[in-house]
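Report on the following structure.
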Amino acid sequence: MGLVMTLTQSSRLGLEAGCSVFLEQGLCLPYPALKASRSPGWDGLLPTLCLSLRVEFIKLASENETVNLGQGFPDFAPPDFAMEAFQHAVSGDFMLNQYTKAFGYPPLTKVLADFFGKLLGQEMEPLKNVLVTVGAYGALFTAFQALVDEGDEVIIIEPYFDCYEPMTLMAGGRPVFVPLKPSPSQDGELDYSSNWQLDPTELANKFTSRTKALVLNTPSNPLGKVFSKAELELVASLCQQHDVVCISDEVYQWLVFDGNQHISIASLPGMWERTLTIGSAGKTFSATGWKVGWVLGPDQLMKHLRTVHQNSIFHCPTQAQAAVAWSFEREQQHFGQPSSYFVQLLQATQHKRDHVTRSLQSVGLRPVIPQGSYFLITDISDFKSKMPNLPGAEDEAYDRRFVKWMIKNKPSSAL
Numbered sequence: 001m002g003l004v005m006t007l008t009q010s011s012r013l014g015l016e017a018g019c020s021v022f023l024e025q026g027l028c029l030p031y032p033a034l035k036a037s038r039s040p041g042w043d044g045l046l047p048t049l050c051l052s053l054r055v056e057f058i059k060l061a062s063e064n065e066t067v068n069l070g071q072g073f074p075d076f077a078p079p080d081f082a083m084e085a086f087q088h089a090v091s092g093d094f095m096l097n098q099y100t101k102a103f104g105y106p107p108l109t110k111v112l113a114d115f116f117g118k119l120l121g122q123e124m125e126p127l128k129n130v131l132v133t134v135g136a137y138g139a140l141f142t143a144f145q146a147l148v149d150e151g152d153e154v155i156i157i158e159p160y161f162d163c164y165e166p167m168t169l170m171a172g173g174r175p176v177f178v179p180l181k182p183s184p185s186q187d188g189e190l191d192y193s194s195n196w197q198l199d200p201t202e203l204a205n206k207f208t209s210r211t212k213a214l215v216l217n218t219p220s221n222p223l224g225k226v227f228s229k230a231e232l233e234l235v236a237s238l239c240q241q242h243d244v245v246c247i248s249d250e251v252y253q254w255l256v257f258d259g260n261q262h263i264s265i266a267s268l269p270g271m272w273e274r275t276l277t278i279g280s281a282g283k284t285f286s287a288t289g290w291k292v293g294w295v296l297g298p299d300q301l302m303k304h305l306r307t308v309h310q311n312s313i314f315h316c317p318t319q320a321q322a323a324v325a326w327s328f329e330r331e332q333q334h335f336g337q338p339s340s341y342f343v344q345l346l347q348a349t350q351h352k353r354d355h356v357t358r359s360l361q362s363v364g365l366r367p368v369i370p371q372g373s374y375f376l377i378t379d380i381s382d383f384k385s386k387m388p389n390l391p392g393a394e395d396e397a398y399d400r401r402f403v404k405w406m407i408k409n410k411p412s413s414a415l
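The sequence shown begins at 1 in UniProt numbering and counts up one residue at a time.
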């Protein structure tokens with residue numbers, strides 16, 4: 001039995017011994033199979049479990065003035081250079097108040113192609129291999145709508161970010177789940193997200209003639225797992241064997257702790273041609289409200305995303321794109337150095353992870369120590385034996401009652 005919390009707002013917590021935190025629950029719970037349709041009459045067709053939990057807990061948290069640990073956004077400012085870039089975009093060239101190119105502000109698509117082309121080992125063309133979207137969320141939605149047809153199967157690794165399943169259903173696809181399983185641990189032994197592994201045989205058995213895509217998330221939300229090269233090679237081999245597209249959500253790629261290495265699956269042999277790599281300026285520069293994301297991939301896949309994009313979103317805000325472009329240009333000059341914002345953000349977040357981990361352990365919780373991302377899962381099983389009679393309906397799950405109790409009795413919140 002476990003709950004999830006974010007590290008982005010832990011600076012506002014005392015987290016002394018005896019203090020509890022409200023953790024995030026409901027991101028990755030599998031629901032009964034539900035039908036999806038592109039025709040009128042959406043009511044009842046899409047999963048509502050995560051929505052109802054999120055709405056209920058956020059409302060309860062707001063009524064009790066708690067610190068919100070349930071959403072992946074910072075309570076600190078973006079770096080000064082990013083703020084200055086945005087201010088310049090707003091107050092400078094008046095044409096930045098108008099439409100730009102539908103598939104991305106040209107300086108942004110150029111710097112993304114150059115920056116990530118080097119990392120992926122590809123000669124990327126801004127007009128063919130880059131699409132700027134309304135956040136990574138928009139990138140995911142566009143990818144599902146572009147590639148998934150009625151009856152297609154999409155493999156989703158559990159635990160997973162909550163939008164993967166409903167986006168699959170909205171496109172007419174069928175989610176197929178495969179779990180990460182924790183390795184047995186000895187009493188008192190720390191649990192790390194790296195201990196959670198895919199079973200190769202179980203994963204292979206999920207691929208069928210109907211499999212269209214596999215969704216990969218590394219570092220992952222909510223587990224904080226960073227997939228190793230060997231694990232990525234397993235996924236890559238199966239995707240190539242079954243002619244499956246990999247939708248790789250890598251929004252937390254700059255938050256990889258303890259000297260672990262983030263590897264983009266698109267950089268592996270034979271995978272660029274079948275991978276969509278998704279990123280987020282909000283996570284990269286701690287500016288989630290700007291809602292700038294992107295998709296990188298081969299033209300034969302990207303052309304379908306461009307069709308969806310131009311007939312739905314059409315265009316993303318120009319000023320935010322300009323600010324992100326200038327921020328990346330600055331980061332290019334400092335990349336890999338102590339002055340790099342990516343280096344500084346990683347150091348600060350790892351410090352928070354270590355602090356929160358110790359604090360949770362001090363109050364009797366058993367955290368799964370993440371290798372990366374904003375997120376941390378903790379086991380609350382021991383609390384059930386100590387506090388079995390929490391308020392709430394008898395048929396209500398214990399973890400839900402636990403979360404509500406913490407919101408009402410401790411000054412912190414999450415989902």
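Ideal Cβ placement from N, Cα and C applies to all residues, glycine included.
None of these values were measured; they are calculated from a predicted model.
Inter-residue Cα distance where the pair is residue i and residue j
{"i": "residue 416", "j": "N97", "result": "Absent from the structure is residue 416, since the part of the chain shown begins at 1 and ends at 415."}
{"i": "I157", "j": "G135", "result": "22 Å"}
{"i": "R174", "j": "N205", "result": "16 Å"}
{"i": "S39", "j": "A171", "result": "Any answer about S39 is weak, because its pLDDT of 43 lies below 50 and its placement is not dependable; what the coordinates show is given next. Cα-Cα distance, rounded: 11 Å."}
{"i": "G18", "j": "V363", "result": "Residue confidence for G18 is low, a pLDDT of 32 falling below 50, so the modelled location carries little weight; the figure read from the coordinates is stated next. Their backbone Cα atoms lie some 6 Å apart in a straight line."}
{"i": "A325", "j": "T318", "result": "10 Å"}
{"i": "F375", "j": "T208", "result": "32 Å"}
{"i": "F115", "j": "S385", "result": "52 Å"}
{"i": "L147", "j": "L305", "result": "8 Å"}
{"i": "T277", "j": "W290", "result": "20 Å"}
{"i": "residue 420", "j": "L390", "result": "The requested residue 420 does not occur in the structure, where the chain is confined to residues 1 to 415."}
{"i": "P126", "j": "T275", "result": "17 Å"}
{"i": "Q344", "j": "S91", "result": "28 Å"}
{"i": "H88", "j": "F328", "result": "15 Å"}
{"i": "Q197", "j": "D149", "result": "30 Å"}
{"i": "L49", "j": "I377", "result": "Only weak support is given to the placement of L49: the predicted model assigns it a pLDDT of 48, under 50, and the value that follows is read from those uncertain coordinates. Roughly 19 Å between the two C-alpha positions."}
{"i": "S392", "j": "V403", "result": "Per the sequence presented here, residue 392 reads as Gly, with Ser not at that position. Between G392 and V403, the C-alpha separation is close to 11 Å."}
{"i": "Y398", "j": "C239", "result": "39 Å"}
{"i": "K212", "j": "Y164", "result": "14 Å"}
{"i": "D191", "j": "V226", "result": "14 Å"}
{"i": "A322", "j": "G282", "result": "14 Å"}
{"i": "E24", "j": "V4", "result": "In this predicted model, E24 has a pLDDT of only 35, less than 50, meaning its place in the structure is not dependable; the value taken from the coordinates is given anyway. Near 4 Å, if we compare the C-alpha coordinates of V4 and E24."}
{"i": "V132", "j": "L223", "result": "27 Å"}
{"i": "Y160", "j": "P219", "result": "11 Å"}
{"i": "D199", "j": "W272", "result": "24 Å"}
{"i": "K101", "j": "H262", "result": "31 Å"}
{"i": "D75", "j": "S286", "result": "9 Å"}
{"i": "W254", "j": "E394", "result": "43 Å"}
{"i": "Q332", "j": "D354", "result": "29 Å"}
Best match in the options for proximity to residue i [C-alpha to C-alpha]
{"i": "L140", "options": "F402, Q321 and I247", "result": "I247"}
{"i": "L346", "options": "Y252, H315, P222 and I313", "result": "Y252"}
{"i": "Y341", "options": "T66, V4 and P79", "result": "P79"}
{"i": "G372", "options": "N260, D299, T211 and F86", "result": "N260"}
{"i": "T284", "options": "R358, M271, L198 and A82", "result": "A82"}
{"i": "K257", "options": "S91, T349, P126 and N409", "result": "For the record, residue 257 in the displayed sequence is Phe; it is not Lys. The candidate whose alpha carbon is nearest that of F257 is T349."}
{"i": "N311", "options": "Q71, N64, T142 and L112", "result": "T142"}
{"i": "G270", "options": "K110, E84 and L234", "result": "L234"}
{"i": "F86", "options": "L301, V292 and I263", "result": "V292"}
{"i": "S264", "options": "G282, S286, L232 and P370", "result": "L232"}
{"i": "M406", "options": "C316, T6, Y160 and A61", "result": "A61"}
{"i": "V295", "options": "M95, T66, E153 and Y137", "result": "Y137"}
{"i": "V130", "options": "H262, Q300, K181 and D152", "result": "Q300"}
{"i": "G297", "options": "T288, Y160, L190 and L120", "result": "L120"}
{"i": "F314", "options": "D152, R210, L223 and F103", "result": "F103"}
{"i": "A266", "options": "N221, P222 and N217", "result": "N217"}
{"i": "E84", "options": "R330, E250 and Q337", "result": "R330"}
{"i": "D162", "options": "D152, G151, E153 and F177", "result": "F177"}
{"i": "L214", "options": "D152, T6, A230 and G336", "result": "D152"}
{"i": "D382", "options": "R366, P370 and E396", "result": "R366"}
{"i": "V368", "options": "C316, H351, S237 and N195", "result": "N195"}
{"i": "K408", "options": "T100, K110, T66 and H351", "result": "T66"}
{"i": "K128", "options": "I58, F144, T109 and D75", "result": "T109"}
{"i": "N221", "options": "M387, F73 and I58", "result": "F73"}
{"i": "V245", "options": "V154, S228 and S183", "result": "V154"}
Endpoints, the alpha helix (DSSP H) within which residue i is located
{"i": "G282", "result": "A281 to T284"}
{"i": "T349", "result": "Y341 to S362"}
{"i": "V403", "result": "Y398 to N409"}
{"i": "L296", "result": "Element bounds for L296: not the alpha helix (DSSP H) but the beta strand (DSSP E), G293 to L296."}
{"i": "R306", "result": "D299 to Q310"}
{"i": "W326", "result": "T318 to H334"}
{"i": "V90", "result": "D80 to S91"}
N- and C-terminal bounds of the beta strand (DSSP E) containing residue i
{"i": "S248", "result": "V245 to D249"}
{"i": "D379", "result": "F375 to D379"}
{"i": "R366", "result": "R366 to I369"}
ask   = Taking only runs of the alpha helix (DSSP H) that begin and end inside the segment 174-239, which ones reach a length of at least 4 residues, in chain order?
value = Taking only runs of at least 4 residues, the alpha helix (DSSP H) segments lying wholly in the segment 174-239 are 200-206.
task = Just list the beta strand (DSSP E) runs in the segment 101-177, keeping only unbroken ones of 3 residues or longer that don't cross its boundaries, in chain order.
result = Those beta strand (DSSP E) runs which fall completely within the segment 101-177 and span 3+ residues are 130-133 and 153-158.
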